[in-house]
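>
2 protein chains.
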Amino acid sequence: MGVLRTNVPRLIDHNERRELLAEATWRVIVRDGVAGASVRTIAAEAGQSTGSLRHIFPTHAELLAFALKLVIERATARVAALPPRPTAVETVQEVAAELLPLDRDRRAEMEVYLALFTAANADPKLRVPRDEAHLRMREGARWMIAQLDNGADLAPGTDRELEAARLHALIDGLAAHLIYEGAAADPSWARRVLARHIGSLAG
Amino acid sequence: MGVLRTNVPRLIDHNERRELLAEATWRVIVRDGVAGASVRTIAAEAGQSTGSLRHIFPTHAELLAFALKLVIERATARVAALPPRPTAVETVQEVAAELLPLDRDRRAEMEVYLALFTAANADPKLRVPRDEAHLRMREGARWMIAQLDNGADLAPGTDRELEAARLHALIDGLAAHLIYEGAAADPSWARRVLARHIGSLAG
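Going line by line, the protein sequences match chains A and B.
In case it helps, UniProt numbering puts the first sequence at residues 1 to 203.
In case it helps, UniProt numbering puts the second sequence at residues 1 to 203.
And the structure:
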C-alpha cells in the first residue's frame with residue numbers, strides 16, 4: 001500500500017477540484033469573455049487535462065452554471081458576515097453596496113454574472129442557474145425594503161413589491177455601469193446614488 | 001450598355017446593403033447570441049456570400065459596431081418622433097418608456113445592445129461604439145432630469161448629475177430585467193416603476 005501511494009498522484013477532494021475549476025473558469029471568462037471560455041481553455045488555465053475536466057463537468061453549461069452558483073454563494077456569505085449597523089438605513093446601504101462591484105473580487109464576480117446572464121439568453125441550459133441568481137437578488141431587494149418598513153424609513157402606503165423591483169433594477173444597472181467604467185475609475189458615485197435612493201424611500 | 005445591364009446583378013446601394021447586413025446580424029445575435037454571430041452565419045442569414053460581407057465590413061467587430069450604431073439611431077429617431085405631451089412628467093415618462101424593450105422590435109434591439117455591451121468587455125474593438133451608446137443614454141437621462149427641473153417636478157437643490165446617473169442605471173436595469181423575463185411576460189410593471197421613480201423626484 002505504501003509503495004502504491006507514492007506512485008499515485010494525490011487525489012484532490014472532489015469539491016476542492018470543482019472549486020478550483022470554477023475559479024479557473026472565472027479567470028478565463030473575465031479575460032476572454034464567455035465566448036472564449038471553452039472546456040480546453042479552462043482546463044489549460046486550471047492545469048488539468050480536458051478529460052479530467054469533462055469528468056467533473058460533463059457539459060460546458062454545467063461548468064458555467066457551477067461558476068455562477070459559486071458567485072451567488074460568495075455574495076450571500078459576504079452579506080451574512082456584515083457587522084451589525086445601528087440603523088436600518090445604514091444596514092440596507094451596506095448590504096446593497098456589498099452587491100456592487102466596488103473592489104477587484106466583486107468586479108470579477110460581477111463580470112462572470114453579467115456575461116452568463118447574457119449568455120443564458122442564447123443557451124437554455126444556463127437558464128436555471130440564471131433564474132436562481134435573479135430570484136436570489138430579488139429576494140435580497142425584498143428583504144432590504146422590508147428592513148426599511150419600520151414606520152420611519154419607508155413612506156406609508158408604499159407598494160413594497162414595486163419598490164423591491166425598482167431597487168433590484170437600480171442595483172443591477174449600477175453594477176453594469178461600474179463594470180463598464182473599468183477597474184481604474186472611482187466607484188464612489190454608485191454608493192452616493194444608493195444612499196440617495198435608499199434615503200428617498202422615506203418619502 | 002443595355003445588354004451589359006441585363007447581365008449584371010442589380011447593384012444594391014451601399015448604405016442599403018449595410019443596413020440589410022446589420023438587420024441580418026441582429027437576427028443572428030438574437031437567435032444565437034454574440035458568440036454565434038460569425039461572418040459566415042450572418043452572410044447566410046443575409047443571403048450573401050462571405051466575401052461580399054467582408055467587402056462591406058472588413059472585420060467582425062466593424063459589423064457588430066455598425067449594428068449597435070443602428071440600434072441607437074433607431075431609438076433616437078423614435079424619441080424624436082414622439083408627440084408632444086402636456087406636462088414635463090408625462091414627456092419624461094414617455095421618453096424613458098421608449099428606451100425600454102416594451103415591444104418586439106425594442107426587445108430585439110435591446111438584446112443586441114446588451115449582448116454587445118457584454119462582448120465589449122472582452123473585445124476592445126467593440127468599445128468605441130459601446131462607449132458612444134452609453135454616452136448617448138447618459139445624455140438622454142441628463143435631458144430628462146433637465147426637463148423635470150422646472151420649479152415643480154424636481155426637488156430644490158437636487159444634484160442633477162447624480163439623478164441622471166440614477167435614472168440611467170434604473171433604465172438599463174429595467175431593460176435587462178424585461179429581456180430576462182421574456183417576450184411572453186407582461187412588461188407593465190416596468191412602466192409603473194418608471195412612473196413611481198419619475199414622480200418621486202419632486203421630493
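For every residue, glycine included, the Cβ atom is placed at its ideal position computed from N, Cα and C.
(1) Ignoring anything shorter than 3 residues or poking outside the region 71-109 of chain B, list the beta strand (DSSP E) runs there in chain order.
(2) Check whether the region 175-188 of chain A and the region 107-118 of chain A touch, using three or more Cβ-Cβ pairs below 8 Å as the test.
(3) Buried or exposed: which applies to residue 106/B, given that a residue is buried once 16 or more other Cβ atoms fall within 10 Å of its Cβ?
(4) Could you tell me which chain B residues have their CB closer than 8 Å to the CB of residue 173/A, listed as they occur along the chain?
(5) If you count every other CB in all the chains shown that lies within 10 Å of the CB of residue 129/A, and 16 or more means buried, which is it?
(6) To which residues of the same chain is residue 174/A closer than 8 Å at the C-beta, ignoring the five residues directly before and after it?
(7) DSSP three-state label for residue 57/B, please.
(8) Assess contact between the region 146-164 of chain A and the region 84-97 of chain A, defined as three or more Cβ pairs (one per stretch) separated by less than 8 Å. Is contact present?
(9) Can you pull the chain A neighbours of residue 134/B, defined as C-beta to C-beta under 7 Å?
(10) At the level of alpha carbons, what is the spacing between residue 80/A and residue 19/A?
(11) At the level of alpha carbons, what is the spacing between residue 161/A and residue 168/A?
(12) Along the region 100-113 of chain B, what residues have a CB closer than 8 Å to any CB found in chain A?
(13) What does residue 193/B touch in chain A if you count any residue whose Cβ is under 8 Å from its own?
(14) Taking all protein chains shown into account, do 16 or more other C-beta atoms lie within 10 angstroms of the C-beta of residue 139/A, making it buried, or fewer, making it exposed?
(15) Buried or exposed for residue 2/B, going by 16 or more other Cβ atoms inside 10 Å?
(16) How far does the alpha helix (DSSP H) with residue 147/A in it reach, from first residue to last?
(17) With DSSP run on the structure shown, which of helix, strand or coil describes residue 192/A?
(18) Rounded to whole angstroms, how far is the Cβ of residue 39/B from the Cβ of residue 54/B, which I believe are closer than 8 Å?
(19) Expressed to the nearest angstrom, what Euclidean distance is found between the alpha-carbon atoms of residue 119/B and residue 23/A?
(20) Assuming residue 21/A and residue 56/A make a contact with CB atoms under 8 Å, what is their CB distance in whole Å?
(21) List, in order along the chain, the chain A residues whose C-beta lies closer than 7 Å to that of residue 186/B?
(22) Does DSSP put residue 52/A in a helix, a strand or coil?
(23) Taking all protein chains shown into account, decide if residue 184/A is buried (16 or more other Cβ within 10 angstroms of its Cβ) or exposed.
(24) Going by DSSP in three states, residue 158/B sits in which element: helix, strand or coil?
(25) Comparing alpha-carbon positions, which option in 186/A, 75/A, 67/A lies nearest residue 115/A?
(26) Using a Cβ cut-off of 9 Å, pull out every chain B residue sitting near residue 67/A, in sequence order please.
(27) Kindly indicate if chain B contains any beta-carbon less than 8 Å away from that of residue 27/A.
(28) CB residue 123/A to CB residue 77/A, shorter than 8 Å?
(29) Thinking C-alpha only, which one of 29/B, 44/B, 43/B is nearest residue 37/B?
(30) Taking its Cβ as the centre, do 16 or more other Cβ atoms sit within 10 Å of residue 15/A, making it buried, or is it exposed?
(31) Where residue 65/A and residue 149/B are concerned, what is the direct C-alpha to C-alpha distance, given to the nearest angstrom?
(32) So what's residue 167/A in DSSP terms, helix, strand or just coil?
(33) Residue 187/B by DSSP, collapsed to three states: which one?
(34) Using a cut-off of 8 Å between C-beta atoms, extract the partners of residue 189/A located in chain B.
(35) Under the three-state reduction of DSSP, which class applies to residue 17/A: helix, strand or coil?
(36) For residue 197/B and chain A, any beta-carbon pair shorter than 8 Å?
Short version:
(1) Given a length threshold of 3 residues, the region 71-109 of chain B has no whole run of the beta strand (DSSP E) inside it.
(2) Yes: at least three Cβ pairs fall under 8 Å.
(3) Note on residue 106/B: 16 or more other CB atoms within 10 angstroms of its CB, so buried under the neighbour-count rule.
(4) Contact of residue 173/A with chain B by beta-carbon distance below 8 Å involves 168, 169, 170, 171, 172, 173, 174, 176.
(5) Classification of residue 129/A: buried, given that the 10 Å Cβ count is 16 or more.
(6) Excluding residues within five positions, the ones whose Cβ falls inside 8 Å are 100, 190, 193, 194.
(7) Of the three classes helix, strand and coil, the one that applies to residue 57/B here is coil, per DSSP.
(8) Judged by Cβ distances under 8 Å, the region 146-164 of chain A makes contact with the region 84-97 of chain A, as three or more pairs qualify.
(9) Chain A residues near residue 134/B: 180.
(10) So the two alpha carbons sit approximately 21 Å from each other.
(11) Using only the alpha carbons, I get a separation of about 10 Å.
(12) Listed by position along the chain: 111.
(13) Here the neighbours are 162, 165, 166, 169.
(14) Exposed is the call here.
(15) Summary for residue 2/B: the model assigns pLDDT 45, below 50, so the residue's position carries little reliability; its value from the coordinates is reported in the next sentence. So residue 2/B ends up on the exposed side.
(16) According to the DSSP assignment, residue 147/A belongs to the alpha helix (DSSP H) that extends over 127-148.
(17) In the structure shown, the three-state DSSP call for residue 192/A is helix.
(18) About 7 Å separates the two Cβ atoms, so the contact holds.
(19) Going from the Cα of residue 119/B to the Cα of residue 23/A covers about 20 Å.
(20) The distance from the Cβ of residue 21/A to that of residue 56/A is about 6 Å, consistent with a contact at the 8 Å cut-off.
(21) In chain order: nothing, as chain A lies at least about 13 Å away.
(22) Secondary structure of residue 52/A (DSSP, three-state): helix.
(23) By the 10 Å Cβ count, residue 184/A comes out exposed.
(24) Coil at residue 158/B, not helix or strand.
(25) If we check each option's Cα against that of residue 115/A, 67/A comes out closest.
(26) Neighbours of residue 67/A in chain B, taken as residues at a C-beta separation under 9 Å, are lacking, since the least C-beta distance is about 15 Å.
(27) Cβ-Cβ to chain B under 8 Å: no for residue 27/A.
(28) With contacts defined by Cβ atoms closer than 8 Å, residue 123/A and residue 77/A do not form a contacting pair.
(29) Sorting 29/B, 44/B, 43/B by C-alpha distance to the C-alpha of residue 37/B places 29/B at the top.
(30) Around the beta carbon of residue 15/A, a 10 Å sphere encloses fewer than 16 other beta carbons of the protein chains shown; the residue is thus reported as exposed.
(31) Cα atoms of residue 65/A and residue 149/B: separation of roughly 45 Å, rounded to the nearest angstrom.
(32) In the three-state reduction of the DSSP assignment, residue 167/A falls in the helix class, which pools H, G and I.
(33) Here residue 187/B sits in coil by DSSP.
(34) Contact annotation for residue 189/A against chain B: 162, 165 [CB-CB distance below 8 Å, chain order].
(35) In the three-state reduction of the DSSP assignment, residue 17/A falls in the helix class.
(36) Interface criterion met: the Cβ of residue 197/B is under 8 Å from a Cβ in chain A.
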